[in-house]
Amino acid sequence: MTLYNSNIFETVRMTEKENLDIRTITMGISLLDTIDSSGERSRRKIYDKITTLAENLVKTGNQIEEEFGIPIINKRISITPISIIAAASDDKNYIKFAQILDDAAKEVGVNFIGGYSALVQKDFTNSDRDFINSIAEALSVTERVCSSVNVGSTKTGINMEAVKIMGKVIKDAAYLTRDNDSIGCAKLVVFANAVDDNPFMAGAFHGIGQGEAVLHVGVSGPGVVKSALEKVKGEPLDIVAENIKKTAFKITRAGELVGKEAAKRLNVPFGILDLSLAPTPEIGDSVARILEEIGLESCGTHGTTAALAMLNDAVKKGGIMASSSVGGLSGAFIPVSEDEGMINAVKNGSITFDKLEAMTSVCSVGLDMIAVPGDTSETTISAIIADEAAIGVINNKTTAVRIIPVHGKTVGDMAHFGGLLGYAPIMKLNDFSSEAFINRGGKIPAPVHSFKN
Amino acid sequence: MKVIITVIGKDKPGIIFNVSKILFENSVNIEDISQTIMQDYFTMMMLADMSNASSDFNSVKSLLEKAGEDIGVSIKIQRQEFFESMHNI
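Have a look at this one:
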């Protein structure tokens, strides 16, 4: 054998004991050819195209899971932003578009379909505003549809009008899904610098520069990284970084193999591999616990940002060495409700909302799955989005906000979203108003790209 | 298709016999085998070729898993590329 026995057992241990899994295989499908002046016809074409191309997605994923012995947790679909697809249709009944996506997702058996989205980083088209105003209702009448809105980019600056509207959309979604701890908001992401090949939900969509259909893969493995770090206790941080890099390499290789195999069997090109460390609420699958393994008593204490920066960078380095198809978001996710260690850090008071914001400046994505009081004002939510978008736009990185103002709950309560979405203690926000700032509207101009300080 | 079969469990007579019997009955050719006892635990790895197998992957997998349950050891079968891709540059 060209493999050493120790290699074989290392791999078996990763899948058996350390929760190594493929977090998602996501089929990106272009819906550009489903645009039609008749909304009815357009929706029929959308349904037919998705159910034809993704017919075997779940079955293929399950078979690969059997053969390689690695779980593929989610099978999902991303599509061209519906704001673009539906813009030409006569009836402008966006809710019906959301429902047809939900139906198609159920028919092929995927748990989420992403792309009920709009890209308004510079400005709105005539139909964009109507579309964005439909998001809250769309999320409340569908089960599997995920939505995202890109409100800023490094090239265009921040569309503050869109930021303002999104504060209201999030509050509306929270109210309309109030019976389920405002879960509608867990399916809605507000981006700056959104990427168009992201396989992870809720922010996945199939960008217009992408091909006809493509298969992306998102790998995970916080448990594997933590176990690897347990072997270098007390060593200097460069040794820790090296260790993370090597582990990320192995995880990435496993993911690339699975993704390419799935693409081949589904007869679509392989797209990208997103090597994000994506935690789950399960014990042993937490990014916060990795940071604690590096030496922090509890995630969120002083030093957390530095440890996270190193982790995120080392994961990227290992992954980029392992695959030539790295894309998507690729880094460490720090959702609160989806990470057992993070939930614990909120409960014991070591992590605050402000620290989370600081952490997003050095890691993948942003303020993710954070439950806040239900009586938080629209403008405060908009201001949180503006802060996060500013971090992304100035630093030339993707940032996002997925925040849940849980209707009827306040600091000290717990919100339960179920499954991989997890549960979260309601976090305290700053009590002072941002209303006058948000009500100005307009735009924050694109930043200068030199004189970096 | 090349596969790697790993067996981990308490050592007892007949483990290799039971695994190779299933492989023989399904025309799966064993190409390499190594075993060791680590801390009282029997660990075995087999490299096998399924290209002329008389049953499909899933059937062989469930037969092996069933045998593992009967003997009281854990038996896993995975495609070889999975290991190769992870450990070779």
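Chains as they are written, first to last, in the numbering used here: chain A, -3 to 449; chain B, 202 to 290.
All residues carry an ideal CB built from backbone N, CA and C; glycine is no exception.
Remember, it's a predicted structure, so these values are computed and weren't measured experimentally.
Span separating the alpha-carbon of residue i from that of residue j
| i | j | result |
| --- | --- | --- |
| Ala382 of chain A | Arg72 of chain A | 29 Å |
| Asp241 of chain B | Gly255 of chain A | 38 Å |
| Gly111 of chain A | Leu265 of chain B | 42 Å |
| Ser34 of chain A | Leu53 of chain A | 29 Å |
| Asn3 of chain A | Asn15 of chain A | 17 Å |
| Val332 of chain A | Leu49 of chain A | 34 Å |
| Asp126 of chain A | Ile434 of chain A | 20 Å |
| Val220 of chain B | Ala268 of chain B | 8 Å |
| Met(-3) of chain A | Ala200 of chain A | Note that Met(-3) of chain A has pLDDT 49, beneath the 50 cutoff, so the model's placement of it is unreliable and no number is given. |
| Glu51 of chain A | Tyr43 of chain A | 11 Å |
| Met23 of chain A | Lys405 of chain A | 37 Å |
| Asn449 of chain A | Ile390 of chain A | 11 Å |
| Ile206 of chain B | Asp233 of chain B | 10 Å |
| Asn253 of chain B | Ile231 of chain B | 12 Å |
Contacts that residue i makes with chain B (C-beta to C-beta distance below 7 Å)
| i | result |
| --- | --- |
| Ile69 of chain A | Those within 7 Å of Ile69 of chain A in chain B number zero; the least Cβ separation is about 17 Å. |
| Arg249 of chain A | Ser286, Met287 |
| Ala8 of chain A | Just to set this straight, residue 8 of chain A is Val in the shown sequence, not Ala. The answer, in chain order, is Thr207, Lys277. |
Cutoff 9 Å: residue i Cβ touching any chain B Cβ
| i | result |
| --- | --- |
| Met(-3) of chain A | Unreliable placement is indicated for Met(-3) of chain A, whose pLDDT of 49 sits below 50; no coordinate value is reported for it. |
| Arg261 of chain A | no |
| Thr121 of chain A | no |
| Tyr0 of chain A | yes |
| Leu273 of chain A | no |
| Ile66 of chain A | yes |
| Lys227 of chain A | no |
| Thr30 of chain A | no |
| Lys246 of chain A | yes |
| Leu253 of chain A | yes |
| Glu62 of chain A | yes |
| Glu12 of chain A | yes |
Short CB-CB distance (under 9 Å) between residue i and chain A
| i | result |
| --- | --- |
| Ile205 of chain B | yes |
| Gln279 of chain B | yes |
| Lys267 of chain B | no |
| Lys211 of chain B | no |
| Asn219 of chain B | no |
| Asn253 of chain B | no |
| Lys222 of chain B | no |
| Ser256 of chain B | no |
Simplified DSSP state of residue i, which is helix, strand or coil
| i | result |
| --- | --- |
| Arg280 of chain B | strand |
| Ser446 of chain A | coil |
| Val311 of chain A | helix |
| Tyr419 of chain A | strand |
| Cys359 of chain A | coil |
| Glu232 of chain B | strand |
| Met(-3) of chain A | Because Met(-3) of chain A carries a pLDDT of 49, less than 50, the predicted location of this residue cannot be relied on, and the following value inherits that uncertainty. Residue state, collapsed to three classes: coil. |
| Asn253 of chain B | coil |
| Arg174 of chain A | helix |
| Val402 of chain A | strand |
| Ile154 of chain A | strand |
| Phe329 of chain A | coil |
| Leu49 of chain A | helix |
| Lys203 of chain B | strand |
| Ser286 of chain B | helix |
| Asp364 of chain A | strand |
| Asn3 of chain A | helix |
| Ile66 of chain A | coil |
| Asn391 of chain A | helix |
| Val191 of chain A | coil |
| Arg140 of chain A | coil |
Interface partners of residue i on chain B, CB under 9 Å
| i | result |
| --- | --- |
| Gly57 of chain A | The contacting residues do not exist; Gly57 of chain A stays about 14 Å from chain B at best. |
Run of the beta strand (DSSP E) containing residue i, from where it starts to where it stops
| i | result |
| --- | --- |
| Gln240 of chain B | Run containing Gln240 of chain B: none; DSSP gives neither H nor E here. |
| Ile204 of chain A | Where Ile204 of chain A is concerned, there is no enclosing beta strand (DSSP E), given that its DSSP letter is neither H nor E. |
| Ser113 of chain A | 108 to 115 |
| Val186 of chain A | 184 to 188 |
| Ile268 of chain A | 266 to 270 |
Residue i: first and last residue of the uninterrupted alpha helix (DSSP H) it sits in
| i | result |
| --- | --- |
| Ala259 of chain A | 233 to 262 |
| Val220 of chain B | 216 to 226 |
| Asp126 of chain A | 122 to 137 |
| Lys102 of chain A | 90 to 104 |
| Phe258 of chain B | 258 to 272 |
| Leu225 of chain A | 218 to 226 |
| Phe433 of chain A | 431 to 435 |
| Leu287 of chain A | 283 to 290 |
Contact set between residue i and chain B, taken where Cβ atoms lie within less than 8 Å
| i | result |
| --- | --- |
| Asn3 of chain A | Phe284, Met287, His288 |
Interface residues of chain A facing residue i [CB-CB closer than 8 Å]
| i | result |
| --- | --- |
| Ser228 of chain B | Chain A residues near Ser228 of chain B: none, gap ~18 Å exceeds 8 Å. |
is_contact[residue i, chain D] using C-beta, thresh 9 Å
| i | result |
| --- | --- |
| Glu266 of chain B | Reference to chain D is not applicable here, since the protein chains of this structure are A and B. |
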